[in-house]
Structures are given as structure tokens and as C-alpha cells.
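Here is the structure we will look at.
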Amino acid sequence: MTIPFVTQLGRLTLALLATIGAVTSFAGRAIRHGVQPPYYRQQILRQMLEIGYYSLPVVGLTAIFTGMVLALQSYTGFARFSAESAIPNVVVVSLTRELGPVLAGLMVAGRVGAAMAAEIGTMRVTEQIDALTTLSTDPFKYLVAPRLIAGILTLPVLVLIADIIGVLGGFLVGVYKLDFNDATYLRNTVDFLQFQDVFSGLVKAAVFGFLITLMGCYHGYTSKGGAQGVGAATTNAVVSASILILTFNYFITEAFFAR
Amino acid sequence: MDAPKISLRGVTRAFGAKQVLRGIDLDVAAGESLVVIGGSGTGKSVLLKCILGLMRPNSGSIKIDGQETTGLSVSGRAEVMHKFGMLFQGGALFDSLRVWQNVAFGPIQSDGMATAKARELALAKLASVGLGPEIGDLFPSELSGGMQKRVALARAIAREPEIIFFDEPTTGLDPIMADVINELIVKCVSELGATAVSITHDMASARKIGHRIAMLHEGKLIWEGPVATIDDCGNAYVDQFIHGRAEGPIQMQVRRQ
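Protein sequences appear in the order of chains A and B. Counting in our numbering, the first sequence runs from 1 upward without gaps. Counting in our numbering, the second sequence runs from 1001 upward without gaps.
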């Protein structure tokens, strides 16, 4: 029994390493094409609209309820040792450092990463990607690079908006439910907030934007085998992007805040 | 005699253990229309993709206008691609773009033509495949299969390529529409004076659009000759194929890859 198990383990390890290699070389090629002209500006703008503007409702809703529940939960905890005044600060720091970028990233991974994998995957199986090549247009430049650029540029903006909406959610619960004085709540929010809290969150957002679009493009681009293949690509894009977001989130946090 | 437009020597390509092309030697003269016939899974598409540069052969040489293309860099490849037009089997129209934008894609994106001028060009190309200007503003998904093929043909000829490839141009069309497409292909190719390479298993189409026919079987070209001679070629494989008989030397593969 041990031999098959070891064989299996070896096979899985090799497959994992092969995938990491393939993704890395895909990313390298995409980045190279992203920094070299020509740039397809219209494609970049279209993707920014798709990733940023159309994600606003879902990210906004996520943020406002997260802010509200944060205020409520920290109140129940902090009231036990009369530390209610720390609530605005807890809300804003949790949001800007962690929950804003991570939750926005996960929501966008589900919304945009899946759509990208499905679109590019369908283009792959219907030979539209080959057609691009025969029309002397590099699919990496036309399809992949604009999406990566749009992801990196748009997610920080999206997260900044999510931060503000989330704080608003906390404010609403704090003032209307927990009887905070509105001016005090805002002062406590701003006073203890550091530049690094927001900045680290925005750096995370840019990295997540890269990861989401990279996974969407990679799985779509390499999909094969018709409708089933495109379905698998969509699932893989969302799952891998989500896991990468959570993993990178830890390491970026460590890079910023570990002493 | 002029150097051949396309020249293949000993081209092989394998996928894993499966040898798909086992050494192809092929010459296509300028202005000639060659049709490659063969059953499903015999490597026709792979052969086409190798010549187009969408796939790299494992070994062998592919020359276009005497220039070796197998080891080309990305930019060199793009230059060769300018000579090519390709009609994909499923049309492969960009479904996010309107019909005229599809036809004008090459001129706009890679030749930098101004949008207004490219639109005019696209409408002219659509007219030459029998489609009115009102079709231009539709999306590909709003068109029937035959119309999509026509649009794809218009896109393939939009940059007036020197060499046009047709991948099963009549598959999935009714016999009448298939003949319409065949006639359009003949017309477009002769108007452009282009060299054409088609792959098909539709013999009516092959007879109509080809000057010369080559038969691919198990990764090798087993017969080639002028269209007129195919009926008495004396090759049992070709005979079985063109008459569509289940019995004969060719055993149909059931599994893909």
C-alpha cells in the first residue's frame, strides 16, 4: 500500500510544481507585455469599468455591513471593561488594514475573476484567441495585460471607497444604536488612525487586484475541452484567487507590521 | 519555376506519446489552391496550426516565401502573420465586438488604420461576401451560421493577405449555403491572387475550391495530385475516403488525441 501512496504523493508534488512554474512564466510574460507598448487603452478602461465601477454595489454592501457588525461586536466585548471609546478606532483599523482589502478582494474574485476566466476560456475554446494571433494581435497584450493593469489600478480605489463606507457603517451603528456622540465618534476614528494603516491596505488591494486578474486570465487562457473546461476554469480561478489572497494577506501584513 | 510560397520539409509534431504528424513534405506554389483532405483526427488541424505558427512543430522546416519560420521571434512572427488570413472552423468571431469591428480588427489594431476608414473598408469587405451594411452593426451572436462564416471570411480577407487558410469552411452548413461559401472562397482567392490552403473532409467543397488535393492519413501525406485526377488515382485509401465507404484500408479511430 505504501508504494501507491508515495507514487501519488510524488505525482501531486510534481503537478503542483509544474503549475507554479506555469503560472509564474505566465505572469512574467503578462508583466513583460504589460510594460511594453502598444497599450490598448480602450481595453484597460473597459476593464477598469468592469472591475471597479460595476463592483461598487457588492463591495459597498459588504463594507457597510462589515462596519456595522464590527461596531456592534466590539461594543459587546469592550463594554465589559468600559473601553467603549476604543470602538471607533477598532472599527477603522480593522477595516483599513484587513477587512476592507480582504473582503473586497474576495468579493471581486468571485465577481470579476470568474467572469474573466469564463470569457477568456470561451474565447480559447472557440478559437478566438488563435484568431487574435492570426490578426497579428498578441493575445497577452490585448487580453491579459489590460486586465492585469486594470486590476492593479482599480482595486486600491475600490478598497479606499470600501474603507469609507465601512467606517460609515460603524458610525451609523455607533451613533444611532450605541448612543455615541457623533463628533466624538469621528474624532476617535481619525485621531488614532495612522497613514500606514490605510497605506498597507491599499498595497494589499493592488496585490489582490493582480492576483485576481492573473488567476482569471491564467485559468481562462489555459482552459480546454469545451463547456466543461470553461466551467472548471471559472471555479479554479475563484478558488485559487481566494486562497492566494488569504495567503498573501498574511505575508504582506507581516512585512508591514511584524517587529 | 518560382520558389514555392509555402514549403514544408519533414515536419513532425507529437502530443505526449501520440505522434500526430510523422514527417510532412509539402510545397504550395504562389497562387495555387491546395486542399488537404483526411478523416477526423488525422492531423489536418495540427498541420494548419503549424504552418500558421499557432503551434510549433517538434522538428522539420516550414518556409514561407523562402523564409524559415519555425524559430521566429515574436516580432518576426507578427510580420509573417501579416501575410496570412485565416478562416476558422467555427468562425471564431469576437463576440464582444460588432460585425464591422470584427472585420476591421486587423486593420485597426495591428495596422493602425483610422476607425472611420476601417469601417468603410469593413463594409466594403462585407459587401464582397454578399452582406449589406445593416449587418455591420449587429453582434456575431445575432447571425446565422452561414452569415457568421461570411463575416469570418470577410475578416480573413480584410487585410488582403497573400496566403489564406480555410479550416473546414463548409462544416455545419447546409449544402446550399456550403456551396455559396465555396463560391465566395473561389471568388475571394482569385480576386486577391492569393495562395490558399484548405483542410476539409467535404469532397464537394474540395473539388470546388482546390486546384490540387493532398490526402493526410495517420500523420503522413499519402497522395497528392491535381483535382481532376483524384477519381482515378488508384490509391485505395483515397478511393475509400472520396467515396465515403466504411469498408477499406482506413480504420476509423474512435478516440480522440
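The beta carbon of each residue, even a glycine, is placed where N, CA and C say it ideally should be.
Check: Continuous alpha helix (DSSP H) stretch holding Ser242 of chain A: start and end; Outcome: Gly226 to Phe257
Check: Through-space distance from Gln47 of chain A to Val238 of chain A, alpha-carbon basis; Outcome: 18 Å
Check: C-alpha gap between Ala83 of chain A and Val90 of chain A, whole angstroms; Outcome: 11 Å
Check: Where Lys1044 of chain B falls: helix, strand or coil (DSSP); Outcome: helix
Check: Minimum Cβ-Cβ distance from Gln43 of chain A to chain B less than 8 Å; Outcome: no
Check: Secondary structure of Phe1105 of chain B, DSSP reduced to three states; Outcome: helix
Check: Among A:Pro101, A:Ala233, A:Val190 and A:Leu70, nearest to Thr222 of chain A - alpha-carbon criterion; Outcome: A:Ala233
Check: CB contact below 8 Å: Lys1148 of chain B versus chain A; Outcome: A small fix is needed here, since residue 1148 of chain B is Gln in this sequence, not Lys. Taking Cβ atoms only, chain A never reaches closer than 8 Å to Gln1148 of chain B, which makes this a no.
Check: Expected contact under 8 Å - CB spacing of Ala1152 of chain B and Ala1092 of chain B to nearest Å; Outcome: 7 Å
Check: Chain A within 8 Å of Gln1257 of chain B, Cβ atoms only; Outcome: Legend: pLDDT at Gln1257 of chain B = 45, less than 50; position of this residue unreliable, no value from coordinates given.
Check: Short-range partners of chain B found in the stretch 133-159 of chain A, where Cβ spacing is below 8 Å; Outcome: Thr133, Thr134, Leu135, Ser136, Thr137, Asp138 and Tyr142
Check: Closer than 8 Å to chain A by CB, Gly1145 of chain B; Outcome: no
Check: Three-state class that DSSP yields for Arg1245 of chain B in the structure shown; Outcome: coil
Check: N-terminal and C-terminal residue of the beta strand (DSSP E) that Val1227 of chain B is part of; Outcome: That residue, Val1227 of chain B, is in no beta strand (DSSP E); it is neither H nor E in DSSP.
Check: Cβ of Gln47 of chain A within 8 Å of any chain B Cβ; Outcome: no
Check: Amino acids of chain A, ordered along the chain, whose beta-carbon sits closer than 7 Å to that of Ala1078 of chain B; Outcome: Ser136
Check: Within chain B, partners of Gln128 of chain A - CB distance below 8 Å; Outcome: Ala1092, Leu1093, Phe1094 and Asp1095
Check: As assigned by DSSP and simplified to three states, the class of Gly113 of chain A; Outcome: helix
Check: Contacts of Ala117 of chain A in chain B (Cβ-Cβ under 9 Å); Outcome: Here the premise fails: no neighbours, minimum Cβ distance about 15 Å.
Check: Under 8 Å between C-beta atoms of Ile152 of chain A and Ala206 of chain A; Outcome: yes
Check: Neighbourhood of Met1001 of chain B by C-beta distance below 6 Å, restricted to the same chain and skipping five residues each side; Outcome: Note that Met1001 of chain B scores a pLDDT of 49, beneath 50, so its modelled location is shaky and nothing firm can be said.
Check: Contact the stretch 213-221 of chain A vs the stretch 116-130 of chain A: 3+ CB pairs below 8 Å; Outcome: yes
Check: The stretch 91-106 of chain A in contact with the stretch 38-53 of chain A per 3-pair CB rule at 8 Å; Outcome: no
Check: Sequence-distant residues of the same chain with beta carbon closer than 7 Å to Ile1242 of chain B, five excluded per side; Outcome: Met1203 and Ile1230
Check: Buried/exposed call for Gln1257 of chain B, threshold 16 Cβ in 10 Å; Outcome: Note on Gln1257 of chain B: pLDDT 45, under 50, position unreliable in the model; no value is reported.
Check: Below-8 Å beta-carbon distance, Ser1110 of chain B vs any chain D residue; Outcome: The structure shown contains no chain D; its protein chains are A and B.
Check: C-beta atoms of Pro1107 of chain B and Arg1155 of chain B nearer than 8 Å; Outcome: no
Check: Close Cβ partners of Met1055 of chain B (< 8 Å) along its chain, the five nearest in sequence each way excluded; Outcome: Arg1013, Val1046 and Lys1049
Check: Span separating the alpha-carbon of Asn188 of chain A from that of Ala63 of chain A; Outcome: 20 Å
Check: Start-end ranges of the alpha helix (DSSP H) lying completely within the stretch 35-85 of chain A, minimum 4 residues; Outcome: 41-51 and 56-78
Check: Collapsed DSSP secondary structure at Gln1019 of chain B in the structure displayed; Outcome: strand
Check: Beta-carbon proximity list for Ser1128 of chain B, same chain, < 6 Å, skipping 5 on both sides; Outcome: none
Check: Proximity test, Cβ basis, 8 Å: Gly1106 of chain B and chain A; Outcome: yes
Check: Inter-residue Cα distance where the pair is Phe1166 of chain B and Leu1087 of chain B; Outcome: 5 Å
Check: Cβ pair count under 8 Å reaching 3, the stretch 1134-1149 of chain B against the stretch 1176-1188 of chain B; Outcome: yes
Check: Strand pairing of His1217 of chain B, partner residues [DSSP]; Outcome: B:Lys1220
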